[in-house]
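Offset between the sequence shown (1-based) and our numbering: plus 309.
For every residue, glycine included, the Cβ atom is placed at its ideal position computed from N, Cα and C.
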Amino acid sequence: MRGFTLVELIMVIVITGILAAVVGPRFFDRQVFDERLFFEESLSAARYAQKLAVASGCSINTQVGSAGYALSYATACGGIAAGSPVANPGGGTYSAGNPQAVAVSSPGLNVTFDSLGSASGANTVRFGANAFSFTVHPSSGFIETTP
């Protein structure tokens with residue numbers, strides 16, 4: 310005879326139910342996705358600031374904190390006043406809030422990239438439960454991420 314017995318089918322259903330109850334909520338927790346999203350956006354902003362500083366020759370300040378991230382000109386450059394926000398390639402300013410209130414390590418990140426791409430200022434920021442972080446090395450401007 311071919312097929313499964315009733316006992317085997319019931320055992321498969323019971324095991325599947327236990328796995329769904331235990332593992333299922335972990336797959337649908339939005340917190341990890343929100344932390345990863347804000348981490349990726351902030352990392353992208355820092356990398357854009359470094360590339361813009363090298364390409365334009367202007368010092369660019371990058372700030373990442375619990376309120377969000379923002380890029381601005383650190384010094385006056387080419388008719389642009391110091392402290393002016395950096396324009397986003399899509400229009401508007403290159404800044405965004407933290408709508409999901411992702412926890413960011415204090416004091417956050419405050420780095421200024423110069424025309425050579427090297428950085429100065431506080432250089433490490435952690436997101437959420439320290440699962441995601443990036444470090445900007447001051448001498449080289451290298452941006453190291455974890456994970």
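- Secondary structure note for Gly377: its beta strand (DSSP E) is the uninterrupted segment 377-382.
- DSSP places Gly326 inside the alpha helix (DSSP H), whose first and last residues are 315-336.
- For Val411, the CB contacts under 7 Å within the same chain, skipping 5 residues up- and downstream, are Asp343, Glu344, Phe347, Phe436, Gly437 in chain order.
- The C-alpha of Met320 lies about 41 Å from the C-alpha of Thr455.
- At the C-beta level, Ala391 and Ala379 stay beyond 9 Å of one another.
- Ala440 and Val373 have their C-alpha atoms spaced approximately 17 Å apart.
- Ranked by Cα distance from Ala385, the first of Tyr403, Asn370, Ser442, Ser427 is Asn370.
- Around Thr444, the same chain offers Asn432, Thr433, Glu453 as residues with beta carbons nearer than 7 Å, after the five sequence neighbours per side are excluded.
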